[in-house]
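Chains as they are written, first to last, in full-length UniProt numbering: chain H, 1 to 353; chain X, 1 to 353. Glycine included, each C-beta is placed from N, C-alpha and C at the ideal position. Predicted, not measured: the structure shown is a model, and the values here were computed from it.
Given below as structure tokens:
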């Protein structure tokens, strides 16, 4: 099989490639890594779709971002050892971005790296985590602080998994597709804004286009020296908000997409203040995201604490927090330093919009 | 600077390259990772040798192989986060193989990889851990179960560090040099056998030759599909013995070289039984290693427990323990399956020699 590592294959094409791989390489053991939720919802569909009979063992992690940590890695590494996984074993990561992230890291480091395959089952994982080989786990409240860049054998995107997904999870994935539009082109942003989730063909095309855009960006800059940073649009504050809500017992947990939607509104306001991003488009973007997600409240003290999380952002250099901003849709600037006062104003804008 | 990653530079040449790198790249922060022992003995010499003044912070791990684990990684990852290490920070691993192994892993995974440099301070680390980019930590009693392959910026071998080393540590490193002889050529085996440690120039040449041999083997086969496995000669049982002694409170802890010396005697006996390795050379090899290391006793129950550790060996495939054996000095066979009865006989040979 000569598929380049990290290639995304969809539906039948993906299952065929998996069958070929299994028949040709005959892994010594096959492990499916899933969270408890995806194991229940997605493992039956996995068995159904695969036309050949295989023996596999399911290893599970509890459901939820808070288990994306080194402790969960230790549990799985130990289970792999107990079950005599060797360098010819295969790990199939079946789940959302939490599973493909942690599973990619577990496989990349077990015995200094064994083969793995990603089968994203959420819209978010299909359009975002599926491309680019980033994997890893959180360190305390800091998102994705530990990890490596290493591509899976390939990525299998099966549209039928989306049928297992609740509406808010679809919305969460959509946010990343919209973000791809904002950093890439007005045309794609408009297409994404009017995407009809009820129409399977439209959704599939949208997913495919979104993967294509991310791939184009990653290929230009695999090690995130410049262009790839644009994929972090809205994520500097979005990740900090997500981490703060995760750590704070009084706050509800936000879905990744919910936090990033707020981050995008804030980043776009900052872009307007710092780089003259057009006011009418700022309003259009803020309106679009706010109409899909409930407004969260941020008090002065919340914002101060969120700002503290910014120092962990992986784009930072020499103690400076660096933002990706936009001059216009599809026209980005990386490594922008932003005064804290502007960030506070951005939260005001979000609150009063 | 255009030094290829993983290049080994010695003495003045190495310090000059380090100074150039620091002046040109200006890392945002410099961290020295050391164990408590090497920090005391080697950090002063490090400061002395470097001709330019730099600011750095020392991060320490307690001394000893038993701290080469994920817990120590967590402690260091957290300290790096606290101290705002970013992607332009540099980690200098200053110490024996334990430090270069764990430090390489910590740097390769922190924020998905930051730059690092290895300065091996033990003979073992200079001739073995310095080349090939392997890094990692132990998982429970299983050696190097978690890690990646990733080369440091370069490796700086400074002979003066050897002056801080007790005799038994020199002997431990020598074992790996002798192993390089056994798998490579009779000529080099003879040279290594008669190496005079008191003669600095001879020692330096020996180290250099040993690094050259390892490099030649690793370059042919960076991902250990075939030739590179030969570097594990004596390590299949040697690692199992080392792990068993480490885990067993009643046993003294063996130095890596001590365990590997026993592993080499056993592997050579097995080579004699399975591949007709010449009897006279087997006796010469056993005699050589036994004259430098105290004989350990192995009871039937010890051997049975050591055999259980073999299932974790990273060369294993499909549940089979695979040995590297020799037909003669410099003439190897990889992937050899060995009956347990022969392994028991090998321990008999060791006991009665």
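Sorting H:157, H:159, H:18 and H:128 by C-alpha distance to the C-alpha of residue 91 (chain H) places H:18 at the top. Contact note: residue 111 (chain X) reaches chain H through 145 and 314, using a C-beta cutoff of 7 Å and chain order. What residue 28 (chain H) touches in chain X, judged by beta-carbon distance under 8 Å, is 317, 318 and 319, going in chain order.
When rounded, the separation of the alpha-carbon atoms in residue 27 (chain X) and residue 117 (chain X) is 12 Å. In the three-state reduction of the DSSP assignment, residue 225 (chain H) falls in the coil class. When Cβ-Cβ separations below 8 Å define contact, residue 246 (chain X) makes no contact with chain H. For the set H:345, H:180 and H:195, the Cα lying nearest the Cα of residue 261 (chain H) is the one of H:180.
Listed along the chain, the chain X residues whose CB falls inside 8 Å of the CB of residue 78 (chain H) are 139 and 140.
Identification of chain X residues near residue 84 (chain H) by a Cβ-Cβ cut-off of 7 Å yields 311 and 319, ordered along the chain. DSSP links residue 95 (chain H) through a beta bridge to H:120. DSSP lists H:317 as the beta-bridge partner residues of residue 320 (chain H). Beta-bridge analysis with DSSP links residue 230 (chain H) to no other residue. Under the 8 Å criterion on CB atoms, residue 151 (chain X) is classed as non-interfacial with respect to chain H. Straight through space, the alpha carbons of residue 122 (chain X) and residue 32 (chain H) are spaced by roughly 42 Å. Under DSSP, the beta-bridge partners assigned to residue 332 (chain H) are H:326.
In chain order, 317 and 318 make up the part of chain H whose C-beta sits under 8 Å from the C-beta of residue 88 (chain X). For the stretch 154-220 of chain X, the continuous beta strand (DSSP E) assignments of 3+ residues that do not extend past its boundaries occur at 154-157, in sequence order.
Of the residues assessed, residue 120 (chain X) falls on the buried side of the cut-off, its CB having 16 or more other CB atoms within 10 angstroms. The alpha carbon of residue 194 (chain H) has as its nearest neighbour, out of H:175, H:212 and H:183, the alpha carbon of H:175. The stretch 263-277 of chain X makes no contact with the stretch 292-308 of chain X, as fewer than three CB pairs between them are under 8 Å. Partner residues in the beta bridge of residue 10 (chain X), as assigned by DSSP, are X:157. For residue 34 (chain X), the enclosing beta strand (DSSP E) has its first and last residue at 30-35. Sequence-distant Cβ neighbours of residue 214 (chain H) in its own chain, meaning closer than 6 Å and more than five residues away, are 131. Against residue 108 (chain X), the close residues of chain H are 148, in the order they occur along the chain (beta-carbon pairs closer than 8 Å).
Residues of chain X whose Cβ lies closer than 7 Å to the Cβ of residue 74 (chain H) are, in chain order, 70. Taking 8 Å as the CB threshold, residue 81 (chain X) lines the interface with chain H. Residue 136 (chain X) has a beta carbon lying within less than 8 Å of a beta carbon in chain H. Cβ neighbours of residue 342 (chain H) within its own chain (closer than 6 Å, five residues either side excluded): 270 and 273.
Counting along the chain, no beta strand (DSSP E) covers residue 253 (chain X), and no H or E run does either. Within the DSSP secondary-structure output, residue 61 (chain H) pairs in a beta bridge with H:35. Per DSSP, the continuous alpha helix (DSSP H) segment holding residue 71 (chain H) begins and ends at 70-82. With contacts defined as CB atoms closer than 8 Å, residue 226 (chain H) and residue 334 (chain H) qualify as a contacting pair. Straight-line spacing of the CA atoms in residue 247 (chain H) and residue 323 (chain H) works out to 23 Å.
Excluding the 5 residues flanking it on each side, residue 200 (chain H) has same chain C-beta neighbours closer than 8 Å at 159, in chain order. About 6 Å separates the beta carbon of residue 313 (chain X) from that of residue 321 (chain X), a gap short enough to meet the 8 Å contact definition.
The beta carbon of residue 69 (chain H) is closer than 7 Å to those of 137 and 138 in its chain, skipping five residues each way along the sequence.
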